[in-house]
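Take 848 as the starting number for the sequence shown in the numbering used here and just add one per residue.
One structure is given below, encoded as structure tokens.
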Amino acid sequence: MILCFKLDLSKLTDEEAKHVWDFRHKSQVLHSKHQHHIYHCNTGLQKSYCIRCLKPFKFLVNNKFQCLDCGLSVCKSCSRYNKKDLGWVCDPCHMTRYNCKPFKLYL
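As structure tokens, this is what we get:
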């Protein structure tokens with residue numbers, strides 16, 4: 848997410864204004880590289896671990912299921928099978944489907 852705001856450079860010299868614009872450009876490039884790195888780290892993490900509890904996926908022990916709503920990979924303990932849609936839905940998406948508030952269940 849890049850924050851947008853107006854810069855008033857009218858009171859700066861040309862050299863100062865150029866310095867501000869150069870800094871702004873470098874900041875945006877760095878932010879873009881950082882977001883790209885985070886995306887690839889998350890993708891690798893999601894292939895090997897449950898996105899909710901971070902338990903590793905293992906064949907026959909802790910299978911990986913893809914949530915029908917958000918598409919993230921979750922384990923069996925962090926999801927529910929939906930008979931109507933014939934697939935798995937992660938717990939947060941399940942709660943969203945039924946308009947449940949997590950703390951409301953305990954009141």
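Virtual Cβ for every residue (Gly too), placed ideally from N, Cα, C.
Delimiting residues of the alpha helix (DSSP H) encompassing Cys940:
Within the sequence shown, residue 940 is the residue found at index 93, counting from 1. Cys940 -> alpha helix (DSSP H) spans Asp938 to Arg944.
Take Cys900 as the anchor and find which of Pro939, Leu856, Cys922 and Trp868 has the nearest alpha-carbon.
Start at 1 with the first residue of the sequence shown, and residue 900 comes out as number 53. It is Cys922.
Among Tyr896, Ser874 and Asp916, the one whose alpha carbon lies nearest that of Ala937
Locating residue 937 in the sequence shown gives position 90, where the first residue counts as 1. Rather than Ala, the amino acid found at residue 937 in this sequence is Cys. Out of Tyr896, Ser874 and Asp916, Asp916 has the C-alpha closest to the C-alpha of Cys937.
Nearest by alpha-carbon distance to His941: which of Lys905, Gly934 and Arg927 is it?
Numbered from 1 along the sequence shown, position 94 holds the residue referred to as residue 941. That would be Arg927, whose Cα lies nearest to the Cα of His941.
Would you mind sorting Ser874 into buried or exposed? The rule is 16 or more other CB atoms within 10 Å of its CB.
The sequence position of residue 874 within the sequence shown is 27, counting from 1. With fewer than 16 Cβ atoms within 10 Å of its Cβ, Ser874 is classed as exposed.
In the structure shown, what three-state DSSP assignment does Val876 receive?
Reading the sequence shown from its first residue, position 29 is the one you call residue 876. In the structure shown, Val876 sits in a helix (DSSP, three-state: H, G or I).
Please classify Ser857: does DSSP put it in a helix, a strand, or coil?
For the purposes of this step, residue 857 is identified with residue 10 of the sequence shown, where counting begins at 1. Residue state, collapsed to three classes: coil.
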